[in-house]
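A.B. asks: Protein chains in written order, with my numbering: chain A, 808 to 929; chain B, 325 to 448.
Don't be surprised by glycine CBs; every beta carbon is placed ideally from N, CA and C.
Just so you know, these numbers come straight off a predicted model, no measurement behind them.
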Amino acid sequence: MTEKQLTIVSINGPYRDEGVFTMIRLAHAAKEKGITLNFFNYLDATVIAHRDQAPKEFPPIETIFGNIVKKGLKKPKADAIACIKCTDARGVTKYQTEGVIIGGLYDLGEWTAESDKTILIG
Amino acid sequence: MGKKVNIIITQPPYGKEDAYSAIPMAASQVAAGNEASLIFVSGGVHSIVSGQKTGYGDLAVWFKDVPTVEGEIIKNIELVSFFALDRDIAKRGINDNEIIDRIKKISLEELTDKILEADVNLVF
Numbered sequence: 808m809t810e811k812q813l814t815i816v817s818i819n820g821p822y823r824d825e826g827v828f829t830m831i832r833l834a835h836a837a838k839e840k841g842i843t844l845n846f847f848n849y850l851d852a853t854v855i856a857h858r859d860q861a862p863k864e865f866p867p868i869e870t871i872f873g874n875i876v877k878k879g880l881k882k883p884k885a886d887a888i889a890c891i892k893c894t895d896a897r898g899v900t901k902y903q904t905e906g907v908i909i910g911g912l913y914d915l916g917e918w919t920a921e922s923d924k925t926i927l928i929g
Numbered sequence: 325m326g327k328k329v330n331i332i333i334t335q336p337p338y339g340k341e342d343a344y345s346a347i348p349m350a351a352s353q354v355a356a357g358n359e360a361s362l363i364f365v366s367g368g369v370h371s372i373v374s375g376q377k378t379g380y381g382d383l384a385v386w387f388k389d390v391p392t393v394e395g396e397i398i399k400n401i402e403l404v405s406f407f408a409l410d411r412d413i414a415k416r417g418i419n420d421n422e423i424i425d426r427i428k429k430i431s432l433e434e435l436t437d438k439i440l441e442a443d444v445n446l447v448f
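Written out as structure tokens, the structure reads:
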């Protein structure tokens with residue numbers, strides 16, 4: 808049986824609300840179950856993987872997110888794409904953490920077609 | 325294999341980027357071989373009013389205008405099926421003659437069926 812595949816679309820940035828923390832908890836749980844993950848970071852969510860984040864009072868989102876993607880080199884795989892129009896608009900294209908690929912909405916269309924489930928967390 | 329994708333917009337145009345950015349997402353789904361419907365509900369139905377104008381002021385200061393959601397809908401009207409929830413349109417006093425051509429009104433019952441029939445439902 809082929810592995811299950813889940814695509815998670817995020818649209819919110821970190822810290823202002825709990826959405827990104829929830830997304831990461833969900834992603835971690837899915838990975839533990841052996842599910843292949845695709846992260847598509849859209850709009851303000853392209854800040855999730857921005858390098859050098861150092862929040863004083865919250866968990867460092869970039870590090871946690873980056874660890875899930877890096878550990879996804881083996882099975883279950885975890886890939887991450889940040890939307891180029893959104894990263895360019897926010898000036899973060901060159902500052903994405905290791906493992907995040909700059910891509911576009913067409914990639915999301917392909918992931919949606921391939922995945923067992925696609926969800927959006929706003 | 326292509327999927328049936330619903331993108332549901334609950335947010336009004338201009339106050340947030342959501343409505344504007346959901347439209348190219350739907351168009352890209354079609355480009356990748358999926359079937360996409362975009363459904364405006366709640367405050368999202370304000371996006372379907374025709375004659376939208378934007379502009380924050382002098383272009384020498386602002387460089388360019390914010391694009392209209394209407395323009396983005398019209399650009400993609402051949403690719404994506406656009407719907408809006410009838411009761412939310414009525415609630416906001418939007419008349420039929422104010423709605424952008426080819427956007428179909430949909431009842432709550434029809435929307436429920438549409439959600440159940442789809443493979444993917446993404447809510448902005």
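Which whole-angstrom value is the C-beta distance of I424 of chain B and S374 of chain B, which I expect to be below 8 Å?
C.D. replies: Right, their Cβ atoms sit about 5 Å apart.
A.B. asks: How is the alpha helix (DSSP H) around F847 of chain A delimited, first residue to last?
C.D. replies: Unbroken run through F847 of chain A is the beta strand (DSSP E), 843-848; no alpha helix (DSSP H).
A.B. asks: Use the C-beta contact count for L880 of chain A: other C-beta atoms within 10 angstroms, 16 or more gives buried, fewer gives exposed.
C.D. replies: When all chains shown are included, L880 of chain A counts as exposed.
A.B. asks: Indicate whether at least one CB of chain B lies closer than 8 Å to the CB of G826 of chain A.
C.D. replies: It does not: the Cβ of G826 of chain A has no partner Cβ on chain B nearer than 8 Å.
A.B. asks: Closest by CA to G906 of chain A, which one among A:I926, A:A885, A:D851, A:R897?
C.D. replies: The option with the nearest alpha carbon to G906 of chain A is A:A885.
A.B. asks: Tell me whether the segment 347-367 of chain B and the segment 850-859 of chain A touch, counting them as touching only if at least three CB pairs, one residue from each stretch, are closer than 8 Å.
C.D. replies: Verdict: no, contact absent.
A.B. asks: Beta-carbon of G898 of chain A versus every beta-carbon of chain B: anything under 8 Å?
C.D. replies: G898 of chain A does not count as touching chain B.
A.B. asks: For S317 of chain B, decide whether its Cβ has a neighbour in chain A, counting only Cβ atoms nearer than 8 Å.
C.D. replies: Since the displayed chain B opens at 325 and closes at 448, residue 317 of chain B lies outside it and no answer follows.
A.B. asks: What span of residues does the beta strand (DSSP E) with V816 of chain A cover, start to end?
C.D. replies: Where V816 of chain A is concerned, the enclosing beta strand (DSSP E) stretches over 812-817.
A.B. asks: Using Cβ-Cβ distances below 7 Å, what residues of the segment 363-378 of chain B are close to chain A?
C.D. replies: Residues: none.
A.B. asks: May I have the straight-line CA-CA distance separating T870 of chain A from D410 of chain B, to the nearest angstrom?
C.D. replies: The straight-line gap from Cα to Cα measures roughly 45 Å.
A.B. asks: Give the C-beta separation of L362 of chain B and F406 of chain B to the nearest angstrom, bearing in mind that I take them to be a contact with Cβ-Cβ under 8 Å.
C.D. replies: Sure, about 5 Å apart at Cβ, within 8 Å.
A.B. asks: Using a cut-off of 9 Å between C-beta atoms, extract the partners of V854 of chain A located in chain B.
C.D. replies: Under the 9 Å cutoff, chain B gives no residues; its nearest Cβ is about 13 Å from V854 of chain A.
A.B. asks: Would you be able to state if there are at least three C-beta pairs under 8 Å between the segment 335-345 of chain B and the segment 834-842 of chain A?
C.D. replies: No, the segment 834-842 of chain A does not touch the segment 335-345 of chain B.
A.B. asks: Counting along the chain, where does the alpha helix (DSSP H) carrying K429 of chain B start and finish?
C.D. replies: K429 of chain B -> not in any alpha helix (DSSP H); beta strand (DSSP E) instead, spanning 428-430.
A.B. asks: Which of the residues in the segment 335-350 of chain B, read from start to end, lie with their CB under 8 Å from any CB of chain A?
C.D. replies: For the segment 335-350 of chain B, which is checked against every Cβ of chain A, the residues closer than 8 Å are E341, D342, S345, P348, M349.
A.B. asks: Who are the near neighbours of F846 of chain A in its chain, counting only those whose CB is closer than 6 Å to its CB and skipping five residues on each side?
C.D. replies: Contacts found: I815, A887.
A.B. asks: Are there three or more Cβ pairs, one per stretch, closer than 8 Å when the segment 346-353 of chain B is compared with the segment 391-400 of chain B?
C.D. replies: Counting Cβ pairs under 8 Å, three or more are found: they touch.
A.B. asks: Just checking my contact of G916 of chain A with G826 of chain A at CB under 8 Å: how many whole Å lie between their CB atoms?
C.D. replies: Contact flag wrong, Cβ pair sits at about 23 Å.
A.B. asks: Between the segment 906-920 of chain A and chain B, which residues of the former have a C-beta closer than 9 Å to a C-beta of the latter?
C.D. replies: Flagged, chain order: G911, L912, Y913, D914, L915, G916, E917, W918, T919, A920.
A.B. asks: Give every residue of the same chain whose Cβ lies closer than 8 Å to the Cβ of K428 of chain B, excluding the five residues on either side of it in the sequence, and list them in chain order.
C.D. replies: Closer than 8 Å at the Cβ level, and outside the excluded window around K428 of chain B, lie S405, F406, F407, A408.
A.B. asks: Nearest to F872 of chain A by alpha carbon, out of A:T925, A:A920, A:T904, A:D914?
C.D. replies: If we check each option's Cα against that of F872 of chain A, A:T904 comes out closest.
A.B. asks: Since I believe Y913 of chain A is in contact with S352 of chain B (beta carbons under 8 Å), could you give me their beta-carbon distance rounded to a whole number of angstroms?
C.D. replies: Contact flag correct, Cβ pair sits at about 5 Å.
A.B. asks: Please classify A351 of chain B: does DSSP put it in a helix, a strand, or coil?
C.D. replies: Three-state DSSP puts A351 of chain B in a helix.
A.B. asks: List, in order along the chain, the chain A residues whose C-beta lies closer than 8 Å to that of L446 of chain B?
C.D. replies: Simply V816, T925, I926, L927.
A.B. asks: Within 10 angstroms of its Cβ, does I908 of chain A collect 16 or more other Cβ (buried), or is it exposed?
C.D. replies: Result: exposed.
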